[in-house]
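Heads up: the structure comes next, in structure tokens.
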Amino acid sequence: MKHTDIREVLDKDVYLGKEITVCGWVRTARDSKNVAFLALNDGTSLNHLQIVIDKNGDTALPEEAAKLGAALKVTGEVVKNERNNTNEINASEITVLGVCPGDYPLQKKFQKLETLREMPHIRVRTNTFNAVFRVRSVMAAAIHRFFQEKGYVYINTPLITGSDCEGAGEMFQVTTIGYSEDYKSEEEYYADDFFGKKTGLSVSGQLEGEVAAMGLGKIYTFGPSFRAENSNTQRHVAEFWHIEPEVAFAELDDIIELAEEMIKYIIKDYMEKCPEELKFFEQRFEKGLTQKLLNVVNNDFEIVDYTDAIELLKKADVKFEFPVEWGADLQSEHERYITEKVYNKPVFLINYPKDIKSFYMKQNADGKTVAATDLLVPGVGEIIGGSEREADYGKLIKAMEEKGMSTDGYEAYLDLRKYGSVPHGGFGLGFERIIMYCTGMANIRDVILYPRTVGSIK
Ligand code: 4AD
Ligand code: MG
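In my numbering, the protein residues as written are 68 to 525.
Written as structure tokens, this is what we have:
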């Protein structure tokens, strides 16, 4: 169907005086005796194109065309609307492609996000989701460009895996048969299953990413990760998109530098490419968003040692719900205090106690901490988790033993430490979390097309 994108028509003077065809859905309709105005949106732009129908002229306005949600094909001349300095169309022909009856759910101008969540197939037609998904697309492209320009190789790691990378037991099981009482033991059941062993959906591509980095030097992944976390928060989904660079010959400070450079690059690119969307989010969802992002781009992130963070929290003039003590995992109230109240900017927390972090992290010389980092940002909390990896074969085995892990299934991972082991590290960025941060959307369910959360799948 030959037609022009509304995005093109809206502000390009080359179209003035030309007859063109556009397609789209009716967002608003005003129909009076002499003239009718239809606001048409085809998804290519946040802004609508005004279609003007002179009812005293030759153009027929089909009754079904002036209905909210109706799909139209419109031909007409592009003219400048002097009042708002955008282009509009004087229609000469209107075809209804798809009628839209009165029970169309988007009758009210503003609907609650909670209500829209109940109809993911309809909410994409609202301004909010038009903006969210365009920003998501622009940021995905920026991430690829960032790594490609720096010579990183894009790797696709498997989604079905036999090992639980984070060791936190949050894996969805993959099975074709399901357990039954007929099996005498778990081993017998798994042996009978598709792969002949217990398998699940990957929580992270890191372990395979490390394999790739040990041959290709610098790699990144960008794909889904799955977590069967039973937590119903604004920041967790069971299926999220994960960006995981892995770098050979790199230590913790190199990883931190890379993460900061990447975040600044993608935010800058978003601000350049999506000014309309940014303005929209600023007006509707987060006052001060533009200034916040400018501050991120123009200032250094903070780097704070976990041990110093604990001191800050102990001295804080705030009553926390969870106690603060060295060795305990930080709760989100603690993270928020540090990133929002103390620094009001992104903060890399580093050198966490080894007991609260994963087995693969590089053990520091103090014997108590590991070379890990989480990047915390105001409003969202953790958006990145990463570390330098333990490259010493003996130390890694010992860490696994201490955590009660079996080395079964990790032979290849251990081999990396046997054959030409090198210092290396990487991080994981939660794609939805950075979108939340950049749009001001407070709930992760509103930045992914189909959110999967505990007890909910649409
Ligand atoms: O901190 P995490 O668990 O780290 C890893 O998976 C490492 N293997 C990454 C690496 O070093 N290659 O997860 C990384 C990030 C988190 O900081 C968060 O942004 C996101 O992934 N994330 C989630 N996002 C949405 N919903 C969830 N349930 C998430 N779990 C983690
Ligand atoms: Mg983490």
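From the three backbone atoms N, C-alpha and C, an ideal C-beta is built for every residue, glycine too.
Quick caveat: nothing in here was measured; it's all calculated off a predicted structure.
- The way I'd put it, the stretch 339-355 does touch the stretch 199-206; three or more beta-carbon pairs between them come closer than 8 Å.
- Between V241 and K285, the C-beta spacing is not below 8 Å.
- In this structure, the ligand 4AD has no non-hydrogen atom nearer than 7 Å to the beta-carbon of C341.
- Cβ-Cβ distances below 6 Å link T162 to K140 in the same chain, with the five nearest sequence neighbours on each side left out; the list follows chain order.
- Cα atoms of M68 and D78: separation of roughly 22 Å, rounded to the nearest angstrom.
- Every beta strand (DSSP E) of 3 residues or more that sits fully in the stretch 285-347 is shown, in chain order, as 285-293, 306-315.
- For the pair G165 and S252, the Cα-to-Cα distance works out to about 57 Å.
- For P187, the enclosing alpha helix (DSSP H) begins and ends at 187-190.
- No Cβ-Cβ contact shorter than 8 Å links Y219 with P291.
- Annotated as distal: I334 and L356, with beta-carbon spacing of 8 Å or more.
- Boundaries of the beta strand (DSSP E) harbouring D372: 369-372, taken from the DSSP string.
- Where V199 is concerned, the enclosing alpha helix (DSSP H) starts and stops at 194-216.
- Relative to L397, the option among Y373, D125, G453 whose CA is nearest is Y373.
- Counting the other CB atoms within 10 Å of its CB gives W393 a total below 16, which places it among the exposed residues.
- With a threshold of 16 other beta carbon atoms within 10 Å, S247 falls short and is exposed.
- Note that the C-beta distance between D231 and I244 is not below 8 Å.
- In this structure V102 is not in contact with I156, their Cβ atoms being roughly 13 Å apart against a cut-off of 8 Å.
- Around T193, the same chain offers L173, Q178, L183 as residues with beta carbons nearer than 8 Å, after the five sequence neighbours per side are excluded.
- The continuous alpha helix (DSSP H) containing Q273 extends over residues 273-283.
- Per the coordinates, the alpha-carbon of V385 lies some 24 Å from the alpha-carbon of P420.
- Contact check between the stretch 301-309 and the stretch 492-500: three or more CB pairs, one atom from each, fall below 8 Å, which counts as touching.
- Under the criterion of beta carbons closer than 8 Å, V145 and V76 qualify as touching, at roughly 6 Å.
- Residue range 153-165 is occupied by the beta strand (DSSP E) that includes E160, with no alpha helix (DSSP H) assigned at that position.
- Per DSSP, C505 lies in no beta strand (DSSP E) segment; the continuous alpha helix (DSSP H) that holds it begins and ends at 498-506.
- In the assembly as shown, S112 is a buried residue. Its beta-carbon has 16 or more other beta-carbons within 10 Å.
- Taking a contact as a CB-CB distance under 8 Å, the pair G452 and F387 does not count as one, their CB atoms being some 22 Å apart.
- Distance check between M503 and each of F426, T440, E349, G492 places E349 closest, using alpha-carbon atoms only.
- In the DSSP assignment, E469 falls within the unbroken alpha helix (DSSP H) covering 460-469.
- The set of residues with CB atoms less than 6 Å from any heavy atom of the ligand MG reads, in chain order, D441, E449, G452.
- As computed with DSSP, K264 is found in no beta bridge at all.
- Taking all protein chains shown into account, Y517 has fewer than 16 neighbouring C-beta atoms within 10 Å of its C-beta and is therefore exposed.
- As far as DSSP is concerned, V81 takes part in no beta bridge.
- When C-alpha distances from A137 are compared across E160, S454, L463, A106, the shortest belongs to A106.
- Closest by C-alpha distance to H70, out of T224, V81, E86, is E86.
- Counting only residues of its own chain and dropping the five nearest sequence neighbours on each side, E407 has a CB closer than 8 Å to the CB of P445, G446.
- Look at the beta carbons and you see the stretch 318-331 touching the stretch 361-368: at least three pairs across the two are nearer than 8 Å.
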